[in-house]
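One structure below.
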Amino acid sequence: ENRQKQNTGVEVLRALTLKRMEELKNYDKIFTDGSLRDNRRGFGIYFEKSNERICKRIIEKVAISTVETIAIVFAVIMAIRMKLTNIAIMTDSKSAVSSLQNPKDDKYYESILLQLAEKNPNTKILVQWIPSHIGLEGNEIADKVAKEGGLSEDTLSVKIPKKDGKKISESKIWRKWNKEFRYITQLKGAFYRKVIETKLPKRPWFKNKRVKVAKIKLFNRIRAGHGFTKKFLKMMKVVRDDLCETCQKVEDIEHILIECTEHINIKS
Numbered sequence: 001e002n003r004q005k006q007n008t009g010v011e012v013l014r015a016l017t018l019k020r021m022e023e024l025k026n027y028d029k030i031f032t033d034g035s036l037r038d039n040r041r042g043f044g045i046y047f048e049k050s051n052e053r054i055c056k057r058i059i060e061k062v063a064i065s066t067v068e069t070i071a072i073v074f075a076v077i078m079a080i081r082m083k084l085t086n087i088a089i090m091t092d093s094k095s096a097v098s099s100l101q102n103p104k105d106d107k108y109y110e111s112i113l114l115q116l117a118e119k120n121p122n123t124k125i126l127v128q129w130i131p132s133h134i135g136l137e138g139n140e141i142a143d144k145v146a147k148e149g150g151l152s153e154d155t156l157s158v159k160i161p162k163k164d165g166k167k168i169s170e171s172k173i174w175r176k177w178n179k180e181f182r183y184i185t186q187l188k189g190a191f192y193r194k195v196i197e198t199k200l201p202k203r204p205w206f207k208n209k210r211v212k213v214a215k216i217k218l219f220n221r222i223r224a225g226h227g228f229t230k231k232f233l234k235m236m237k238v239v240r241d242d243l244c245e246t247c248q249k250v251e252d253i254e255h256i257l258i259e260c261t262e263h264i265n266i267k268s
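When the letters of the sequence shown are read in order and numbered with full-length UniProt numbering, they come out as residues 1 to 268.
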């Protein structure tokens, strides 16, 4: 079962999965899945034995892996309330399974599942990973129900885990800074706006590069158009005009590096 899906034929994967499901014949199998489409999050739960289907839309902007973990926790809570004693949660989310294998205090939903297991010692709870898109009926139903959950009016407000909260905050700050940058560069820094990408890069250009600090400063000045050009010096009111003495064109960084004929031998 641990073979990589991409290296294994679908039929082989299906056969291995069905074999594993046969081994779990004494368990009540509950299929769960999460969905994230058009920024709408939902999860679906399918009880194989009773054919019951449940879906909900999650209000908070949590990660898809969190949605899938919430689906698992929600399914276990329901199964315990239904007095089921052998529970097998079938999920195609590797990230959720991996996270559940290493529950920590800061993993909110993973720790809830651990508490449920500890408080219900007579209930066997098993979380089984299954591959997706192999024609497994229960998994396909859960997938369909999860997508319906994303569109459902039946909503669920959930606690945002620390890891998701950090990403949400970073995303908000980044969007705000991009908006502010676009506004600022309408007034000044036009050259720099032309040099960098339309969208601000999240990492500095010198990240993981062996460049001396002095060179970084030099390149940053060039990127910002703040070299000792006549255009910059005029802006600083050091000189009266900003024209290149050789070409009689505006002497900025772009002119010196590309257009000016004075240092043509160096450029070539």
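Here a beta-carbon is modelled for each residue, glycine too, at the ideal position from N, C-alpha and C.
Bear in mind the structure is a predicted one, so any value in this text is a computation, not a measurement.
Practice item. Please name the residue or residues paired with lysine 29 in a DSSP beta bridge. Key: Ala88
Check your understanding: Taking three-plus beta-carbon pairs below 8 Å as touching, is the segment 30-47 in contact with the segment 70-78?
Key -> yes
Review point. Per DSSP, which one or two residues make a beta bridge with leucine 243?
Key: Val250
Review point. Is the number of C-beta pairs between the segment 135-154 and the segment 23-31 that are closer than 8 Å three or more?
Key: yes
Review point. Beta strand (DSSP E) containing glutamate 23: first to last residue?
Key: Taken as a continuous stretch (DSSP letters only), glutamate 23 belongs to no beta strand (DSSP E), being part of the alpha helix (DSSP H) at 10-23.
Check your understanding: How close, in whole Å, do the beta carbons of lysine 124 and threonine 91 come, if the pair is a contact with beta carbons under 8 Å?
Key -> With a Cβ gap of about 17 Å, lysine 124 and threonine 91 do not count as contacting.
Check your understanding: What span of residues does the beta strand (DSSP E) with isoleucine 45 cover, start to end?
Key -> 40-47
Check your understanding: Is alanine 79 closer than 8 Å to isoleucine 87 when the C-beta atoms are compared?
Key -> yes
**Study point:** Per-residue DSSP class, three states only, for arginine 182
**Key:** helix
Point to revise | Reduced DSSP secondary structure (H/G/I, E/B, other) of isoleucine 59 | key: coil
Check your understanding: Should isoleucine 89 be labelled buried (16 or more other beta-carbon atoms within 10 Å of its own) or exposed?
Key -> buried
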